[in-house]
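Structure first, then comments.
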Amino acid sequence: MNKNKKILTKQSITVQNVSKHFDTVSPVKNVSFTVEQGEFITLLGPSGSGKSTLLGLVAGLEKPSEGSISLQSQEITGLSEDNLALLRRNSVGFVFQAFHLIPTLTALENVSFPLYPVKMDIKERQQRAATLLGKIGLADRADHLPTHLSGGERQRVAIARALVNEPQILFCDEPTGNLDSKTGKEILDLLTSLNREQGVTLFIVTHDQEIAKLSNRSLFMQDGEVTQ
Ligand code: ADP
Ligand code: MG
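The end of the sequence shown is residue 228 by the working numbering, with every number in the run present.
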């Protein structure tokens, strides 16, 4: 594990004048905001307003056309692909609406998958994944393939996978969007407890006002611009 990883910095996310241009559209236009360590932020806005594009930029999955982004006080916009991959692996977790589990791997294998590039004994890798599955109440599903899990169970596995490297920031793109309201609430409880008990910075894109009410602060996106 990276020795510097656990140093707490006040600023968790800093976004300055960030834009993203494609050929004919600019889904993110001159966006600036900051998020402090341990905050729980929701990003709201209508469909097509640029939320997923912005999330991908801030999480380091894509590069902005303009502007700068820092995560845990590290500027990410100038990083090489290798260093960016390292940062994503060490500091950032990502949860998608559609789970994105690997269909041919069991729940345990999906959760331990991000640990493969890490030098770690296979037993320790499996132990870490098994411990996480236990924490989210899926110990008895460890050997199941995603097709044999319910939507809520799949999303819990996806959250466990996002947490296996002990990230300081967890990005979620409509994490309850494909779930019924009861299951969605369970996922939300899991996410908020991570924030409260472990101080993980939570940055959640959502349409759900209930999630927004639980968060410390909401950002609103409209036509590629963010208002606070
Ligand atoms: P939201 O998540 O708020 O629904 P998105 O970020 O997915 O919005 O999309 C915002 C706009 O950007 C949409 O009009 C979408 O078609 C466009 N867009 C997103 N990604 C690309 C891309 N790779 N190429 C071209 N246009 C894109
Ligand atoms: Mg979206």
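Beta carbons: idealized from backbone N, C-alpha and C, even for Gly.
Inset, instruction - Would you mind sorting residue 210 into buried or exposed? The rule is 16 or more other CB atoms within 10 Å of its CB. - result: exposed
Legend entry - Own chain partners of residue 232 with C-beta closer than 6 Å, once the 5 adjacent residues on each side are dropped: This structure cannot speak to residue 232, because the chain is shown only from 1 to 228.
Inset, instruction - Excluding the 5 residues preceding and the 5 following residue 152 in the sequence, name in chain order all residues of the same chain whose CB lies nearer than 7 Å to its CB. - result: 179, 183, 186, 187
Inset, instruction - Starting from the N-terminal side, write out each stretch of the alpha helix (DSSP H) that is 4 residues or longer and does not extend beyond the region 98 to 176. - result: 107 to 112, 122 to 135, 151 to 163
Inset, instruction - Could you tell me if residue 176 is buried or exposed, where buried requires 16 or more neighbouring beta carbons within 10 angstroms of its beta carbon? - result: buried
Inset, instruction - Identify whether residue 71 lies in helix, strand or coil by the three-state DSSP scheme. - result: strand
Inset, instruction - Confirm the yes/no value for this check: CB of residue 27, any heavy atom of the ligand ADP, distance under 7 Å. - result: yes
Inset, instruction - Put residue 197 into one of helix, strand or coil per three-state DSSP. - result: helix
Inset, instruction - Flag this pair as yes or no: are the beta carbons of residue 192 and residue 214 separated by less than 8 Å? - result: yes
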